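Q: Dropping the structure in here first, questions after.
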DNA sequence: CTAAAATTTCAGAAAAGACAGAAATAACGG
DNA sequence: CCGTTATTTCTGTCTTTTCTGAAATTTTAG
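Residue numbers (the numbering used here), protein chains in the order written: chain X, 254 to 427; chain G, 254 to 427.
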């Protein structure tokens, strides 16, 4: 696929952003390319456009599929896999947040819970430390409870809530 | 400083989490250690406790200072620097979010704005792509506007809003 | 000003991560 | 089945990041 200068820069920028957030540069670039592309692309085209090895595209796509950020499509008379990305930014962020929560926050919560349980009968660890870990757990729990309560709200409601943010604050803050 | 098994595991876990989110493992470990430590620690003690080179601590601490996640303190009769971490998880997350926004989101916003401007007179790039980039920008702008509107609310108000999340949704959702 | 202590800088080693290309596997049409 | 095409896996190489230890610098007390 031919990239115009702006598309080129967009993809490069996205790759850099990705690597800052712990996402493989190639994976982020593939995602950016598919996000922009007007039509589904097959692996070879992705490899050629981004100038990376075909095998890397395979691995990258697999990861994006696992994240549900990319879907496979097919065309009649062509047995290759074609890929499209989720194009709605809200949906993209939702899927990423949900994925990171499941893969990173939930295990951390579980970990902190076992810590807190163990600490109940652990006289070795100073009380201050115990409180600190408990506080951390409580914080994360509050945050995830909130996330759970809003994550399935319809987009419109969410938008309204976001726009009203400050006004609501004034009302309930007295 | 002597680490109990739970403290040890906590620090290791935090280091792993950090590296998943693009934060240097040692830096995350130093932060975790200071977060738990009942009293300020000096660089040598941190190096010894975590089993890393003194120089590494120096660099790590510098970064944490730049992020405002750690402060320097002193004691009479001791000219070494002692370090303490911000202990309030809410404040920790606020500082991190604010920092990443400033260093990563804001530049991305600026970048997208120049893209959109350029695209106005760019007939080479397909209209679909232009719309996609504009959509991305609008999305990020909505998100940051919301963030700006709530970031300075007092903790209490924020907590109330979070607890009310679903109820508010019902009211304004009609 | 000097010497000791504390800290930082920096160059290179070590480790981790990303990548290419070959080989293996799978899917498909005939 | 067989040959072809598409895809994936795997291994070694290359790049980048992280880390160390020595040297340089800064700080401080006397």
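For each residue, glycine too, the CB sits at the ideal point set by N, CA and C. Please read all numbers here as calculations on a predicted model, not as lab measurements.
Any C-beta of chain X within less than 8 Å: which residues of the region 264-287 of chain G qualify?
A: Cβ contacts with chain X come from 266, 270, 272, 273, 274, 275.
Q: Hey, does residue 336(G) have any beta-carbon neighbour from chain X nearer than 9 Å?
A: The residue given as residue 336(G) occupies position 83 in the second chain. Cβ-Cβ to chain X under 9 Å: no for residue 336(G).
Q: When the Cα atoms are used, what is the spatial distance from residue 294(X) to residue 282(X)?
A: Mapped onto the first chain, residue 294(X) falls at position 41. Mapped onto the first chain, residue 282(X) falls at position 29. Approximately 14 Å, taken between the alpha carbons.
Q: Name the chain G residues that come within less than 7 Å of residue 379(X), Cβ to Cβ?
A: If you number the first chain from 1, residue 379(X) lands on position 126. Here the neighbours are 291.
Q: Say whether chain X places a C-beta atom closer than 9 Å to the C-beta of residue 313(G).
A: Here residue 313(G) is taken as the residue at index 60 of the second chain, counted from 1. So, not an interface residue.
Q: Relative to chain G, which residues along the region 359-377 of chain X have a C-beta separation below 7 Å, given in chain order?
A: Answer set for the region 359-377 of chain X: 361, 364, 368, 371, 372, 375, 377.
Q: Please list the partners that residue 389(X) has in chain G, where partner means a Cβ-to-Cβ separation under 7 Å.
A: Here residue 389(X) is taken as the residue at index 136 of the first chain, counted from 1. 342, listed in chain order.
Q: What's the gap between the Cα of residue 277(G) and the Cα of residue 332(X)?
A: As a working note, residue 277(G) is residue 24 in the second chain. As a working note, residue 332(X) is residue 79 in the first chain. Between residue 277(G) and residue 332(X), the C-alpha separation is close to 43 Å.
Q: Which class does residue 322(X) belong to by DSSP, given the choice of helix, strand or coil?
A: The residue labelled residue 322(X) in the question sits at position 69 within the first chain. Residue 322(X) falls in the coil class under three-state DSSP.
Q: Can you tell me which of the three DSSP states residue 302(G) falls into?
A: In the second chain, counting from the first residue as 1, residue 302(G) sits at position 49. Note: residue 302(G) maps to helix in three-state DSSP.
Q: Would you verify that the beta carbon of residue 310(X) is, or is not, closer than 9 Å to some beta carbon of chain G?
A: On the first chain, residue 310(X) is found 57 positions in, with the first residue counted as 1. With 9 Å as the cut-off, residue 310(X) does not count as an interface residue toward chain G.
Q: Is residue 352(X) close to chain G, meaning its C-beta is less than 9 Å from at least one C-beta of that chain?
A: Your numbering for residue 352(X) matches position 99 in the first chain. Judged by the 9 Å Cβ criterion, residue 352(X) is not in contact with chain G.
Q: Using a Cβ-Cβ cutoff of less than 8 Å, which residues in the same chain neighbour residue 349(X) once the five nearest sequence positions on both sides are dropped?
A: Stepping through the first chain from its first residue, residue 349(X) is reached at position 96. Contacts found: 320, 322.
Q: Select from 407(X), 406(X), 390(X), 377(X) the residue whose C-alpha is nearest the C-alpha of residue 258(G).
A: For the purposes of this step, residue 258(G) is taken as the residue at position 5 of the second chain. Out of 407(X), 406(X), 390(X), 377(X), 377(X) has the C-alpha closest to the C-alpha of residue 258(G).
Q: Is residue 328(G) helix, strand or coil when you go by DSSP?
A: By one-based count along the second chain, residue 328(G) stands at place 75. Here residue 328(G) sits in strand by DSSP.
Q: If the criterion is Cβ atoms closer than 9 Å, does the pair residue 324(G) and residue 306(G) meet it?
A: Position 71 of the second chain, counting from 1, holds the residue named residue 324(G). Position 53 of the second chain, counting from 1, holds the residue named residue 306(G). Their beta carbons are not under 9 Å apart, which means residue 324(G) does not touch residue 306(G) by this criterion.
Q: Would you say residue 320(X) lies against chain G (beta-carbon separation less than 9 Å)?
A: The sequence position of residue 320(X) within the first chain is 67, counting from 1. Judged by the 9 Å Cβ criterion, residue 320(X) is not in contact with chain G.
Q: Less than 9 Å between the beta carbons of residue 351(X) and residue 420(X), yes or no?
A: As a first step, residue 351(X) must be located in the first chain, where it is residue number 98. As a first step, residue 420(X) must be located in the first chain, where it is residue number 167. No, these two residues do not count as a Cβ contact at 9 Å.
Q: So is residue 396(X) in contact with chain G if we call contact Cβ pairs under 9 Å?
A: Position 143 of the first chain holds residue 396(X). Yes, because at least one Cβ of chain G sits closer than 9 Å to the Cβ of residue 396(X).
Q: I think residue 365(G) touches residue 397(G), with their Cβ atoms under 8 Å apart; what is that distance to the nearest whole Å?
A: Along the second chain, one-based indexing puts residue 365(G) at 112. Along the second chain, one-based indexing puts residue 397(G) at 144. Actually they are not in contact, since the Cβ atoms of residue 365(G) and residue 397(G) sit about 11 Å apart, beyond 8 Å.
Q: I'd like to know whether the C-beta atoms of residue 310(G) and residue 300(G) end up nearer to each other than 9 Å.
A: The count along the second chain starts at 1 and reaches residue 310(G) at position 57. The count along the second chain starts at 1 and reaches residue 300(G) at position 47. Contact flag set, yes.
Q: At what residue ranges does the region 377-409 of chain X contain a whole run of the alpha helix (DSSP H), taking only runs of 4 or more?
A: Segments of the alpha helix (DSSP H) lying fully in the region 377-409 of chain X: 380-403.
Q: Provide the residue span of the alpha helix (DSSP H) that contains residue 271(X), from first to last.
A: For the purposes of this step, residue 271(X) is identified with residue 18 of the first chain, where counting begins at 1. It spans 258-273 - the alpha helix (DSSP H) in which residue 271(X) sits, taken as one unbroken run.
Q: With a threshold of 16 other CB atoms inside 10 Å of the CB of residue 346(G), please say whether the residue is buried or exposed.
A: Start at 1 with the first residue of the second chain, and residue 346(G) comes out as number 93. The residue is exposed, with fewer than 16 neighbouring Cβ atoms inside 10 Å.
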